[in-house]
Structures are given as C-alpha cells and as structure tokens.
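Numbering (UniProt numbering), first residue to last: 1 to 336.
A virtual CB, placed ideally from N, CA and C, is assigned to each residue, including glycine.
Only one structure is covered here, and it is reproduced in the block below.
Set out below in structure tokens:
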C-alpha cells in the first residue's frame, strides 16, 4: 500500500524504476535474466514503495520438476560425456533426470534456463560469468560449480566441487621435473573464438606455480594458447620448437592437446620420451591408444559424480553442503 492508502501496483514500480512492467515481473518472479543494474533499480523501487505482490506463481514454485541441468563448455568432450553418464546413474537413483547442455554464455541463454524451472544446475565451465550464476541463485535455483578457476565470495546457494585440477597440474610438472626436464611448456585449450586461459585458471596456475617452485622459468612465452583448431595448434608447436630447441617437456591442458603437441614434436624430430616428455590430463581413450601411450592425470569420475548429485540433493532440500575436494591420480605411460 502507498502512503495515501492506495494499493501499489506493478505499474507504479515500473514507473519508479524506469523499466517496463515485464521487467518488474521478471524480477518479482525470478523467472528470467535481468541485467544487474535494472534489477537493482526494480528492487530499490519495490522497497521504497513497499510493494507486496500477490504472487500465485511463487506459491506454485514449490512444485519440483525433478530435473537437473549440467552446463558444460564442450559437450562433445569425452570427459563430460563420461561424467554425465556417471551422474545420470546417481541422479536417477535419487529421483532426478539430468540433461547436458552446451554453455552459450548469453543473457538469453540464462533466461531460457531459468524459465524451464530446473530443480538444480551443475556448471562445469571455464568462462561462465559469475553474474549469470548469481541470476540462477536469485531465481531460487541451487547451483553447484565445478571449479575451473579461483572464485571470490560466492552466493549463499552456490556450492563448489574441486576435481583436482590445480594439484593435478602441479603433479604433471613435478613428474617431468623428476625425470630431468627443465624447459617445460604448457599447451592451453583449443578455442574456435581464440579464447585463452587467464591467471585464475586452475590448471594453468598449477603449471606456473610448480615450475617457479622448482626454480624453472615459466610465463606467457612458455604457454601456447589461442589456437582455433587442431591444425593451428600443431603448427604453433612446431613454430615454438624451432625457436626454442631446448624445450624438453610438455604439459597439456587435456589429453587431446597433449597428443597433438606430441605428434607435432615427433614430426619435428623430437624423440618421445628420450628428447621430450609429455603429460596430458583426463585419462581419456586417446591417451591409451596414441603412440607412444600418454602419461596423464586421472580424475575420480565416479566419486565426483556421486558427490555432485548428493550435494545437489542436499541443496534442493534446503541444506548447504560443505564444498568438496578431490585429488587426481598420475597414470604413467610411455610418453614420459
């Protein structure tokens, strides 16, 4: 009610906030993405006008969809398909179905996800903006983040799961250093948009920290990044080796880029592992069937999947679980 006794309407809030009534509806119902600045204006107007919506939709929101969504950067990646397969088993046992969706990284994508009223969302993405994660939280959807980079303070209904990326990268470097390698480079992801990993990326920072702790040089010029395709990556590796003949070790962000780099190095004349040691990440099928077979880091897929679903069930039930951490296992093969 307003100060003169008249009922405050959605129109009054929209007028005070300088937005449309539709935007006010989105904020009140938490069923669409709204830009942070607009949302703040609407929330301030609601508080100032003492607006109290008679919201039937919010009462209906107590119904569950029994649906979970897993958002990943690359849904064709073997790691994601295998871990979703594991999670699907545990989700089904808990009464949920789980869907896999590629990250599109746009406000419209966030709106589409919110409108489908998933009970919970699991995100495994290098670049998904925290603003979008917060939008899910404001819509009342519990979120579980697979950690790919370091984060600041997270919203209350967001939990994290660390699958061992940072310590795994350090283990990869340590293994190469232990076999006498001193000039080790890092191969970043392939990105059609030419994206590169930043300093908060856990695998990259693990590589850099372990190199420096061992008194070895590592920096931007020991990282091959921004490649748009497999062919470009192979070309960049050969170009790097021509200019840095002392290179004797490679750490790949994943098994695919490690195998491409190993193939390029062998084509340039490097003997594997005599002249060049190579370590990948994920223990995917390609690591077992490339030649020579690839040393790699294996994540605890089954335990991670089981824990992820257990955490989701707890959050959907109104509890906040402790953040989870896992370690990786080094699988030593002929590439080192």
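- Message: Using the three-state DSSP reduction, which class does residue 222 fall into: helix, strand or coil?
- Response: helix
- Message: Pull the bridge partners of residue 101 from the DSSP assignment, please.
- Response: 71
- What number of angstroms, rounded off, separates the C-alpha of residue 101 from the C-alpha of residue 230? 23 Å
- Item | Whether residue 119 touches residue 189 by CB criterion (7 Å) | no
- Would you tell me roughly how many angstroms separate the C-alpha atoms of residue 242 and residue 130, rounded to the nearest one? 40 Å
- Query: So what does DSSP say about residue 185, is it helix, strand or coil?
  - Reply: strand
- Message: Pairs of beta-carbons, one from the region 183-198 and one from the region 297-307, closer than 8 Å: are there three or more?
- Response: no
- Can you tell me which of 70, 152, 148 and 155 puts its alpha carbon nearest to the alpha carbon of residue 169? 148
- Between which two residues does the alpha helix (DSSP H) carrying residue 146 extend? Premise fails: residue 146 lies in the beta strand (DSSP E), 143-146, not in any alpha helix (DSSP H).
- Message: Let's see if you can read the secondary structure: which residues bound the alpha helix (DSSP H) around residue 76?
- Response: Note, residue 76: premise wrong, no alpha helix (DSSP H); not H, not E.
- Item | Complete runs of the beta strand (DSSP E) confined to the region 204-266 [at least 3 residues] | 249-252
- Query: What runs of the alpha helix (DSSP H), each 4 residues or longer, lie entirely inside the region 103-183?
  - Reply: 107-115, 130-138 and 165-178
- Item | Same chain, Cβ closer than 6 Å to residue 154, five either side skipped, listed in chain order | none
- residue 201 - partner residues in DSSP beta bridges: 149
- Message: Would residue 158 and residue 207 qualify as a contact pair, given that the criterion is a beta-carbon distance under 7 Å?
- Response: no
- Item | Backbone secondary structure at residue 8 - three-state DSSP | coil
- Message: I'd like the span of the beta strand (DSSP E) that includes residue 192, first residue to last.
- Response: Per DSSP, residue 192 belongs to no beta strand (DSSP E) and is neither H nor E.
- Message: Three Cβ pairs or more, each shorter than 8 Å: is that satisfied between the region 268-278 and the region 82-93?
- Response: no
- Sheet register partners of residue 307 (DSSP bridge): Residue 307 pairs with nothing; no bridge assigned.
- Query: To the nearest angstrom, how far is it from the Cα of residue 238 to the Cα of residue 290?
  - Reply: 19 Å
- In angstroms, rounded to a whole number, what distance separates the CA positions of residue 142 and residue 33? 16 Å
- Message: Starting from residue 42, trace the alpha helix (DSSP H) in both directions and tell me its first and last residue.
- Response: 36-49
- Ordered list of alpha helix (DSSP H) runs contained in the region 272-323, each at least 4 residues: 285-289 and 301-316
- Message: Tell me the residue span of the beta strand (DSSP E) that contains residue 270.
- Response: Looking at the DSSP string, residue 270 is not in any beta strand (DSSP E), and its letter there is neither H nor E.
- For residue 93, does the count of other Cβ atoms within 10 angstroms reach 16, so buried, or fall short, so exposed? exposed
- Check the C-beta distance from residue 296 over to residue 331 and give it rounded, since I have them as a contact under 8 Å. 5 Å
- Task: Measure from the alpha carbon of residue 227 to the alpha carbon of each residue in 209, 201, 66 and 196, then state which is nearest.
- Result: 196
- Message: For the alpha helix (DSSP H) containing residue 33, name the first residue and the last one.
- Response: Unbroken run through residue 33: none, as it is neither H nor E.
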